[in-house]
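Input: a single structure, listed below in structure tokens.
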Amino acid sequence: MRTERRPAKGLLGGMLGLPGSDWTEQDLPGTDFPVSEDWKSAGQVRHVFTHFSLELTVWHSTGCATGTFTPVEEAAKALPSVFAKALALVVN
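Laid out in structure tokens, this is it:
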């Protein structure tokens, strides 16, 4: 699966993550894809951080040929819980 290292500063800094948007209220589902692919909605994830709640719409595709890839089993163990929830929607 495609993964990325999050920026060192900021929320979940330096941790393994999934490609996505900047988590702003202005992000619209289906408008900020990292690459052009055949995207499908996997559902929504709700996660509560200490200072805010986040609701993510999770999209997935197959056949992405660019980026860093991590085996699903390895990613499931290494991802922070918000991304692990998103991964669970896609693989289950």
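If you're matching positions, the sequence shown starts at 125 in the numbering used here and goes up one per residue.
The C-beta atom is built at its ideal place from N, Cα and C for all residues, glycine as well.
Per DSSP, the unbroken alpha helix (DSSP H) holding Leu-211 starts and ends at 205-215. In the structure shown, Lys-201 falls within a helical segment according to DSSP collapsed to helix, strand and coil.
Taking C-beta atoms as the reference points, Val-206 and His-171 count as a pair closer than 8 Å. With a threshold of 16 other beta carbon atoms within 10 Å, Thr-192 falls short and is exposed. For the pair Thr-190 and Thr-127, the CB atoms are not nearer than the 8 Å cut-off. An exposed status is given to Val-196, since fewer than 16 other beta-carbon atoms sit within 10 Å of its beta-carbon.
As far as DSSP is concerned, His-175 takes part in no beta bridge. Within a 10 Å sphere around the beta-carbon of His-175 sit fewer than 16 other beta-carbons, which makes this residue exposed.
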